[in-house]
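Engineer: Chains as they are written, first to last, in the working numbering: chain A, 860 to 1107; chain B, 860 to 1107.
Number of protein chains: 2
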Amino acid sequence: MAQSLLDGEDDPAIVVNEAGKSPYVLVCEHAGNRIPRKLGTLGLAAADLERHIAWDIGAERVSRVLSRLLDATLVMQRYSRLVYDCNRPPEAADAIPVMSEATAVPGNSNLSAEDKMARLGEICRPFHEAVTRVLDRRAAYGVAAKLVTIHSFTKVYKGKTRDVQLGFLHDRDSYLGGRLVKSFPGVDARLNEPYAPKDGVLHTVNLHAAPRGIKSVMIEIRNDLIANERGQNEWAQRLSVPLIQAAS
Amino acid sequence: MAQSLLDGEDDPAIVVNEAGKSPYVLVCEHAGNRIPRKLGTLGLAAADLERHIAWDIGAERVSRVLSRLLDATLVMQRYSRLVYDCNRPPEAADAIPVMSEATAVPGNSNLSAEDKMARLGEICRPFHEAVTRVLDRRAAYGVAAKLVTIHSFTKVYKGKTRDVQLGFLHDRDSYLGGRLVKSFPGVDARLNEPYAPKDGVLHTVNLHAAPRGIKSVMIEIRNDLIANERGQNEWAQRLSVPLIQAAS
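(1) Would you check if the stretch 1036-1055 of chain A and the stretch 910-928 of chain A touch, i.e. whether three or more CB-CB distances between them fall below 8 Å?
(2) Can you round the beta-carbon distance between D1030/B and L1061/B to whole angstroms, since I take them to be within the 8 Å contact cut?
(3) Just to confirm, is the Cβ distance from A1004/A to I1078/A under 9 Å?
(4) Under the DSSP definition of a beta bridge, which residues are partnered with C945/B?
(5) Determine, using beta carbons only, whether T1020/B comes closer than 9 Å to chain A.
(6) Where does S1042/A sit, in a helix, a strand or coil, going by DSSP?
(7) May I ask you to verify whether the stretch 951-961 of chain A touches the stretch 893-901 of chain A, counting CB pairs closer than 8 Å and requiring at least 3?
(8) Could you please tell me which residues of the stretch 994-1023 of chain A, in chain order, have their CB closer than 9 Å to any CB of chain B?
(9) Answer with buried or exposed for Y938/B, where buried requires no fewer than 16 other C-beta atoms within 10 angstroms of its C-beta.
(10) Anything in chain B within Cβ reach of N1065/A, meaning under 7 Å, just list it in chain order.
(11) In chain order, what residues of the same chain have a beta carbon less than 7 Å from the beta carbon of L928/A, not counting five sequence neighbours either side?
(12) Cβ closer than 8 Å: which chain B residues qualify as neighbours of M976/A?
(13) For A954/B, which residues from the same chain have a beta carbon less than 6 Å from its beta carbon, with the 5 sequence-adjacent residues on both sides left out?
(14) Looking at the unbroken alpha helix (DSSP H) that takes in T991/B, where does it start and where does it end?
(15) Can you tell me where the alpha helix (DSSP H) with V886/A in it begins and where it stops?
(16) Measuring alpha carbon to alpha carbon, tell me which of R1081/B, P882/B, A890/B and N892/B ends up nearest R1021/B.
(17) Quick check for students: name the residue ranges of the alpha helix (DSSP H) that lie wholly in the stretch 887-967 of chain B, counting only runs of 4 or more.
(18) Using only CA atoms, which one of M935/A, K1041/A, Q1024/A and I1009/A lies nearest to C983/A?
(19) Quick test of the definition: if touching needs 3 or more C-beta pairs under 8 Å, does the stretch 1082-1091 of chain B touch the stretch 907-916 of chain B?
(20) Starting from I1073/A, find everything on chain B with Cβ-Cβ shorter than 8 Å and list it in chain order.
(21) On a Cα-Cα basis, can you pick out the residue from C887/A, Y1034/A and V993/A that is closest to R920/A?
(22) Kindly indicate which three-state DSSP category I855/A falls into: helix, strand or coil?
(23) Write down every uninterrupted run of the beta strand (DSSP E) in the stretch 1002-1026 of chain A whose length is 3 residues or greater and which is fully enclosed by it, in chain order.
(24) Quick one: residues in its chain with C-beta nearer than 8 Å to the C-beta of N876/B, no 5 flanking neighbours on either side, listed in chain order?
(25) Since I believe E950/B is in contact with R1071/A (beta carbons under 8 Å), could you give me their beta-carbon distance rounded to a whole number of angstroms?
(26) Assuming the contact rule is C-beta atoms closer than 8 Å, G902/B and V964/B should be a hit. Round their C-beta distance to whole Å, please.
(27) Any beta carbon from chain A within less than 9 Å of T900/B's own beta carbon?
(28) Mind checking who A1105/A pairs with in its DSSP beta bridge?
(29) CB-CB under 8 Å to S1075/A, same chain, minus the five flanking residues each way: which ones, in chain order?
(30) Let's test the definition: count the other Cβ atoms within 10 Å of the Cβ of K1017/B and tell me whether it reaches 16, buried, or not, exposed.
(31) Would you please verify whether the beta carbon of G917/B is less than 9 Å from any beta carbon of chain A?
(32) Near A1086/A, which residues of its chain fall below 8 Å by C-beta distance, leaving aside the five closest residues on each side in sequence?
(33) Would you kindly work out how many angstroms separate the C-alpha atoms of L994/A and V884/A, rounded to a whole number?
(34) Once you ignore the five residues that flank E1052/B on each side, which residues in its own chain have a CB closer than 6 Å to its CB?
(35) Starting from R978/A, trace the alpha helix (DSSP H) both ways and give me its first and last residue.
(36) Please state the DSSP three-state secondary structure of V874/A.
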């Protein structure tokens, strides 16, 4: 497809450790906060583009370390979720949010259908096609893949403080979430918190894992725990232990 | 991707009435019985390639007429399901069947991972990407699409005769199926027969409709009813009536 938005800028998908031997395939939809040059800053202040509304703070490094510890292939998305939220279907109003939490996104107002198709076609689809290729390869080799998506959430959301530290989100398939949630003594770990299927956030899992019948879980880490490299290393390692145990 | 299987032969997806105004998007995964030249006849007799095991007899013309009656975009797949069954995930053993009903498919035995990836990458993926593009376009324009897949089934399966004439198959979303099944007086119409979600045949619906939250149904017509043009026209017209009523 002719690129009208990225116009030669980097592909949205970053595939790490493509030859990884683990059955786990890691996905990080909100790893990056880059904005395509043509969209400027979407009308936002530079500081807003560092906030949770733009990306999942800390998630990229947790994903990269976890990929190394598990020897798992990782697929990340480099553009800000404010440009296109790859964990939403294109039918969702928040796929290209006009308002994120309490911040208006001027560059997302009054988009034409062509503007929306450019973001969908040049960011969302190439990213999801990269995930599909990684999973297809495992299917062709007879490897039963397991999909794990890595996210972080903000401690204070719309003025309310959240106690939950670690969330394991699932839709129909609760196998991995049910195992993982029991593996963190002393941590406030919960199933389907701070988000649940009704919030429409299980898109990647429902798009890639459910139709294949492969196991999956969406992991949400409170971002104050992974604000620096020490925390990111710590939580990648802590997550790797029950994941390795649940691998077979 | 470099083509190692099709090598310049026709694309698997046939998109009909791309500018159709209906909210319905029709899909016919098993419309064709073509075999890529490189695969010969898959070791089968010419007569086997005309049987139900190779394609959904009558489904192409029912789909084309229905597309015209509804002014709906239709996406069909031209290669035989014996080459690749686009209504199965790549993880399913019957995506590339070694045995179909009681017929062995010699050309599908002992395939390498590369052979499987070529079929998946050159037939399954381009077809499903065509469906995705059609649905994405509707999402960008704010049209709530409805996905209807058209299939036919054989009256005698593994030696047993089936009474059911018309099946409306659904997984979680029973809205369209529930309405349609009541709209055929004097016809043996049933929900989730002759196949149901447990048979793993809801793949297209689960891949394209469920993650988007759009309504869907899979229609199965007994193929003795649509063996000729008269029957194909009749059943396309009979199906169009309740579909038009359920459109809004």
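We treat Cβ as the ideally placed atom computed from N, Cα and C, and that holds for glycine.
Structural biologist: The answer reads as follows:
(1) no
(2) If you number the second sequence from 1, residue 1030/B lands on position 171. If you number the second sequence from 1, residue 1061/B lands on position 202. That belief holds up - the Cβ atoms of D1030/B and L1061/B are roughly 5 Å apart, short of 8 Å.
(3) In the first sequence, the residue the question calls residue 1004/A occupies position 145. In the first sequence, the residue the question calls residue 1078/A occupies position 219. Between A1004/A and I1078/A, the C-beta spacing is not below 9 Å.
(4) For the purposes of this step, residue 945/B is taken as the residue at position 86 of the second sequence. Answer is none; C945/B lacks a bridge partner.
(5) One-based indexing of the second sequence puts residue 1020/B at position 161. With 9 Å as the cut-off, T1020/B does not count as an interface residue toward chain A.
(6) Working through the first sequence from its first residue, we reach residue 1042/A at position 183. Three-state DSSP puts S1042/A in a helix.
(7) no
(8) L994, D995, R996, R997, A998, A999, Y1000, G1001, A1003 and A1004
(9) As a first step, residue 938/B must be located in the second sequence, where it is residue number 79. Its Cβ being crowded by 16 or more others within 10 Å, Y938/B is buried.
(10) In the first sequence, the residue the question calls residue 1065/A occupies position 206. Going along chain B in sequence order, the residues near N1065/A (Cβ under 7 Å) are A1069 and P1070.
(11) Mapped onto the first sequence, residue 928/A falls at position 69. Answer for L928/A: A1095, Q1096 and S1099, listed in chain order.
(12) Position 117 of the first sequence, counted from the start, is the residue given in the question as residue 976/A. The contacting residues are D995, R996 and A999.
(13) Residue 954/B sits at position 95 when you count from the first residue of the second sequence. Here the set comprises D944 and R947.
(14) In the second sequence, counting from the first residue as 1, residue 991/B sits at position 132. In the DSSP annotation of this structure, the continuous segment of the alpha helix (DSSP H) that includes T991/B starts and ends at R984 to A999.
(15) Residue mapping note: residue 886/A aligns to position 27 of the first sequence, counting from 1. Looking at the DSSP string, V886/A is not in any alpha helix (DSSP H); the run it does join, the beta strand (DSSP E), is Y883 to C887.
(16) As a working mapping, residue 1021/B is identified with position 162 in the second sequence. Ranking R1081/B, P882/B, A890/B and N892/B by Cα distance to R1021/B puts R1081/B first.
(17) 918-929
(18) As a position in the first sequence, residue 983/A is number 124, starting the count at 1. Considering only alpha carbons, the answer is M935/A.
(19) yes
(20) As a working note, residue 1073/A is residue 214 in the first sequence. Chain order gives the chain B residues near I1073/A as E950, where near means a beta carbon separation below 8 Å.
(21) In the first sequence, counting from the first residue as 1, residue 920/A sits at position 61. Nearest option by C-alpha distance: C887/A.
(22) The structure shown does not extend to residue 855/A, since chain A spans only 860 to 1107, so no value can be given for it.
(23) 1005-1012
(24) As a working note, residue 876/B is residue 17 in the second sequence. Closer than 8 Å at the Cβ level, and outside the excluded window around N876/B, lie S926, R927, D930, A931, T932 and L933.
(25) If you number the first sequence from 1, residue 1071/A lands on position 212. If you number the second sequence from 1, residue 950/B lands on position 91. Confirmed, Cβ separation roughly 5 Å.
(26) Counting from 1 along the second sequence, the entry for residue 902/B is found at position 43. Counting from 1 along the second sequence, the entry for residue 964/B is found at position 105. With a Cβ gap of about 7 Å, G902/B and V964/B count as contacting.
(27) Reading the second sequence from its first residue, position 41 is the one you call residue 900/B. Not one chain A Cβ lies under 9 Å of T900/B.
(28) Residue numbering aside, residue 1105/A sits at position 246 when the first sequence is read from its first letter. DSSP lists no partner for A1105/A.
(29) If you number the first sequence from 1, residue 1075/A lands on position 216. So the qualifying residues of the chain are K1005, L1006, V1007, T1008, H1029, D1032, L1035, V1064, H1067, A1068 and A1069.
(30) Residue 1017/B sits at position 158 when you count from the first residue of the second sequence. The residue in question, K1017/B, is exposed, as its Cβ has fewer than 16 Cβ neighbours within 10 Å.
(31) In the second sequence, counting from the first residue as 1, residue 917/B sits at position 58. So no, G917/B is outside the interface.
(32) If you number the first sequence from 1, residue 1086/A lands on position 227. I916 and G917, listed in sequence order.
(33) For the purposes of this step, residue 994/A is taken as residue 135 along the first sequence, with counting starting at 1. For the purposes of this step, residue 884/A is taken as residue 25 along the first sequence, with counting starting at 1. Near 8 Å, if we compare the C-alpha coordinates of V884/A and L994/A.
(34) By 1-based counting over the second sequence, the position of residue 1052/B is 193. Counting only Cβ-Cβ distances below 6 Å, and skipping sequence neighbours, we find V1023 and G1026.
(35) To locate residue 978/A, count along the first sequence from 1; it is residue 119. Its alpha helix (DSSP H) spans residues A972 to R978.
(36) Against the first sequence, residue 874/A aligns to sequence position 15. V874/A: strand per DSSP, three-state reduction.
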